[in-house]
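For the sequence shown, position 201 matches number 181 in the numbering used here, and the numbering has no gaps at all. Below is one structure; the comments refer to it alone.
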Amino acid sequence: MKIKGLRWWIIGLVCLATVINYIDRSALAIMWPDISDDLGMDKNDYALILNIFLVAYAVGQSISGKMFDKIGTKIGFVVSITVWGLATSLHAFARGVFSFSFFRILLGLGEAGNWPGAVKSNAEWFPTKERALAQGIFNSGAAMGSIIAPPLIAIVWVAIGWEMTFVLLGILGILWVIPWLIFNKALPSKHSWITDEEREYIMSGMQQKEEESTKPGLSMIAILSRRESWAVLASRFFVEPIWWLFVGWMPIYLADVYGFNVKEIGLMAWVPYVGAAVGSLSGGYYSGRLMIKGASIDKARKQTILVGCVIMFIGLIATILAGDTPIKFVGIVAFVLFGFQFVISNIQTIPSDLFSGKSVGSLAGLGGTVGIFSVIIMNFLVPVITDHYSYTPIFIMIAVFVPLGYLSINYFAKEIKQID
């Protein structure tokens, strides 16, 4: 049996895993008004639980990057999604900060693997000129999951309560393993279902030969000794908090500022992620088109990132100056998240532009770790600042981060090209 366009089936499954990933992680924030009432917890408890999750998620990015380089993408995804699916279901038994924190640690360790795993999978299945588009498709899953999660979770919550909602979501993730094992039988060079034309197209469009030898990956010290690696780390430190501010805090913002309940959050919180989904696909397509027209990898990546950064910066300023109603606010956030996804698909592709084989997942995972530690700092600041002032200082802070993220790429990576 041969399947035309098998690489698109593979990235489709990775995208679906990301949808499930974001539904699972969003459930706590969306149902928090009900959970906090039931268990007597407040916003500071939420911030603590969120940051404990993020610490585990940050550590898990680096661990998972090495794991995927060691055992491969096929089994790596099975391990990751099984862990986070079980962790999601176990949330039903949480009864306080300690138990929620423990289950969020398991969730963070499992969910972290999705990102370095996707970068590595795309490096295996897509030629260089298509990788940002593939990354965009994968990243659109985060947006689609965030679109689906608020109304889906609100509907299920009304029907069966927050405990059984967590159980159901966890089972959904584990079921994903079945089609993944069926379709992702082997790498392109050895997959029995891939057509000869597609195999040749994938292999001829790579800067390096498909990794199938015993050649070890670079050590982390060796990766960090390359100046270009720091372009990934620094840019993710500055850019990552923009996405996570809205993923982690927008439901709480809507409850705090506009008095929204779970149903009202479900009706509004999905809207910005439509912009994110479009931006994810657009950013990957835009850089790919630049390369098809003859642009170098360096020019295509940096030009795309610049465009997205301009969009993000304008949107973040607009949240301060014009986001004075719920409808205006979510509309402006859609604009911000469009810019973020336009940018991040290309930043996340840079590890596979710089390195090959068993080093890609390691740098991608470390980049995720650095980015999440920046988010953790922001999450400690949010309840402190908002309790005394408003959300405006937070919006100003992440607006300043945007140009710093772009400048860090240009400073550390004079030219984005294969260095190993």
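Glycine included, C-beta positions come from ideal geometry on N, C-alpha and C.
Selection from the options that minimises the alpha carbon distance to residue i
{"i": "L89", "options": "S79, G(-15), W64 and A280", "result": "W64"}
{"i": "R75", "options": "S16, Y2, A98 and L334", "result": "S16"}
{"i": "E91", "options": "I300, T(-2) and I(-10)", "result": "T(-2)"}
{"i": "I3", "options": "V340, S205 and T145", "result": "T145"}
{"i": "I330", "options": "R216, I61, A67 and I154", "result": "R216"}
{"i": "D278", "options": "E244, M292, G239 and I327", "result": "I327"}
{"i": "W173", "options": "K(-16), K273 and G347", "result": "K(-16)"}
{"i": "S69", "options": "H368, G125 and E143", "result": "E143"}
{"i": "P383", "options": "L204, S260, R269 and F320", "result": "F320"}
{"i": "L149", "options": "G347, R5, V313 and L343", "result": "R5"}
{"i": "G348", "options": "A9, I10, L8 and A36", "result": "A36"}
{"i": "V77", "options": "L8, I117 and W137", "result": "L8"}
{"i": "K46", "options": "L343, H368 and F353", "result": "L343"}
{"i": "F353", "options": "F33, A38 and L19", "result": "A38"}
{"i": "R84", "options": "L34, L317, F163 and E177", "result": "L34"}
{"i": "I300", "options": "N102, A166 and S370", "result": "S370"}
Span separating the alpha-carbon of residue i from that of residue j
{"i": "V147", "j": "R207", "result": "45 Å"}
{"i": "M(-19)", "j": "P159", "result": "16 Å"}
{"i": "G311", "j": "I51", "result": "42 Å"}
{"i": "S42", "j": "L334", "result": "18 Å"}
{"i": "L132", "j": "E395", "result": "44 Å"}
{"i": "E191", "j": "S120", "result": "Bear in mind that a pLDDT of 48 at E191, under 50, signals an unreliable position, so the number given afterwards is only what the model happens to contain. Answer to the nearest angstrom: the Cα atoms are 27 Å apart."}
{"i": "G303", "j": "A112", "result": "32 Å"}
{"i": "L28", "j": "D49", "result": "32 Å"}
{"i": "V258", "j": "Y265", "result": "11 Å"}
{"i": "H71", "j": "V242", "result": "18 Å"}
{"i": "N390", "j": "L286", "result": "10 Å"}
{"i": "V362", "j": "N94", "result": "27 Å"}
{"i": "G255", "j": "I324", "result": "14 Å"}
{"i": "F106", "j": "W(-12)", "result": "9 Å"}
{"i": "A298", "j": "F80", "result": "35 Å"}
{"i": "V340", "j": "V99", "result": "7 Å"}
{"i": "L87", "j": "K273", "result": "42 Å"}
{"i": "S193", "j": "W223", "result": "Its pLDDT being 44, under 50, S193 is placed unreliably by the model, and nothing is read from it."}
{"i": "V350", "j": "L155", "result": "31 Å"}
{"i": "I140", "j": "A134", "result": "10 Å"}
{"i": "I307", "j": "P373", "result": "21 Å"}
{"i": "P13", "j": "G246", "result": "12 Å"}
{"i": "E104", "j": "C(-5)", "result": "16 Å"}
{"i": "M358", "j": "M230", "result": "14 Å"}
{"i": "M11", "j": "G125", "result": "16 Å"}
{"i": "L296", "j": "L152", "result": "35 Å"}
{"i": "I0", "j": "P130", "result": "13 Å"}
{"i": "V290", "j": "S276", "result": "21 Å"}
{"i": "M186", "j": "K109", "result": "9 Å"}
Residue environment, residue i, which counts as buried when at least 16 other CB atoms sit within 10 Å
{"i": "P96", "result": "buried"}
{"i": "K397", "result": "exposed"}
{"i": "S184", "result": "exposed"}
{"i": "T53", "result": "buried"}
{"i": "I(-10)", "result": "buried"}
{"i": "N31", "result": "buried"}
{"i": "L225", "result": "buried"}
{"i": "K338", "result": "buried"}
{"i": "A202", "result": "exposed"}
{"i": "G345", "result": "buried"}
{"i": "N24", "result": "exposed"}
{"i": "K282", "result": "buried"}
{"i": "Y253", "result": "buried"}
{"i": "H171", "result": "buried"}
{"i": "G56", "result": "buried"}
{"i": "T240", "result": "Residue identity check: residue 240 is Phe in the sequence provided, not Thr. Under this definition F240 is a buried residue."}
{"i": "V380", "result": "exposed"}
{"i": "G263", "result": "buried"}
Those residues which DSSP pairs with residue i across a bridge
{"i": "I174", "result": "I(-17)"}
Residue interval of the alpha helix (DSSP H) (run including residue i)
{"i": "L66", "result": "T53 to L70"}
{"i": "S120", "result": "T108 to L155"}
{"i": "W105", "result": "N94 to W105"}
{"i": "P231", "result": "S209 to Y238"}
{"i": "V77", "result": "V77 to E91"}
{"i": "I396", "result": "Per DSSP, I396 belongs to no alpha helix (DSSP H) and is neither H nor E."}
{"i": "T329", "result": "From DSSP, T329 is part of no alpha helix (DSSP H); its letter is neither H nor E."}
{"i": "L167", "result": "Taken as a continuous stretch (DSSP letters only), L167 belongs to no alpha helix (DSSP H), as it is neither H nor E."}
{"i": "R269", "result": "P252 to I272"}
{"i": "T366", "result": "V340 to H368"}
{"i": "A275", "result": "From DSSP, A275 is part of no alpha helix (DSSP H); its letter is neither H nor E."}
{"i": "A202", "result": "M200 to L204"}
{"i": "M248", "result": "V242 to M248"}
Residue i CB to nearest heavy atom of the ligand ADP below 8 Å
{"i": "G(-8)", "result": "Judged by which ligands are present, the structure shown has none, so any question about the ligand ADP falls away."}
Minimum Cβ-Cβ distance from residue i to chain C less than 9 Å
{"i": "R(-13)", "result": "This model lacks chain C altogether, as it is built from one protein chain only."}
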